[in-house]
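S.K.: One structure, pasted below without further comment.
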């Protein structure tokens, strides 16, 4: 997961997390949804994720891309936080 937000100084910030999409029924809300599983549990994940100040939209990718996102952030001089172990 990637949220691109900004710091209090107005600079870009990447908030990065990795989890797993679970094979469960998708709610018929008309939106794109998936059931996410995060370690050690969703409560701990949400506390760490929200503490970094994400926007309410984020990108969800297939596969593990945290290392690549960190490389991009470092190459561009963008602050980042990884919120999953």
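In our numbering, the protein residues as written are -5 to 79. Cβ atoms here follow ideal geometry from the backbone N, Cα and C, with glycine treated the same way. Since the model is a prediction, treat every value here as computed from it, not as a measurement.
With a cut-off of 8 Å, does the C-beta of residue 56 fall near any C-beta of chain C?
M.R.: Here there is only one protein chain, and chain C is not present.
S.K.: Under a three-way DSSP split, which group does residue -4 fall into?
M.R.: strand
S.K.: Using a Cβ distance threshold of 8 Å, determine whether the region 0 to 10 contacts the region 27 to 39, with at least three qualifying pairs required.
M.R.: At 8 Å Cβ cutoff, the stretches do not touch.
S.K.: On the three-pair Cβ rule with 8 Å, is the region 18 to 25 touching the region 61 to 74?
M.R.: no
S.K.: If you drop the 5 nearest sequence neighbours on each side, which residues of the same chain put their C-beta closer than 8 Å to that of residue 72?
M.R.: 5, 6, 7, 8, 66
S.K.: My assumption, with CB atoms under 8 Å, is that residue 91 sits in contact with residue -5. Please give the rounded CB distance.
M.R.: For the chain, the structure presents residues -5 to 79; residue 91 sits outside this window and is missing.
S.K.: Using only the alpha-carbon positions, how far apart do residue 54 and residue 2 sit?
M.R.: 25 Å
S.K.: Checking the sheet assignment: what are the DSSP bridge partners for residue 32?
M.R.: In the DSSP secondary-structure assignment, residue 32 is not bridged to any residue.
S.K.: Take the Cβ of residue 28 as the centre, count every other Cβ of all protein chains shown within 10 Å, and call the residue buried at 16 or more, exposed below.
M.R.: Exposed is the call here.
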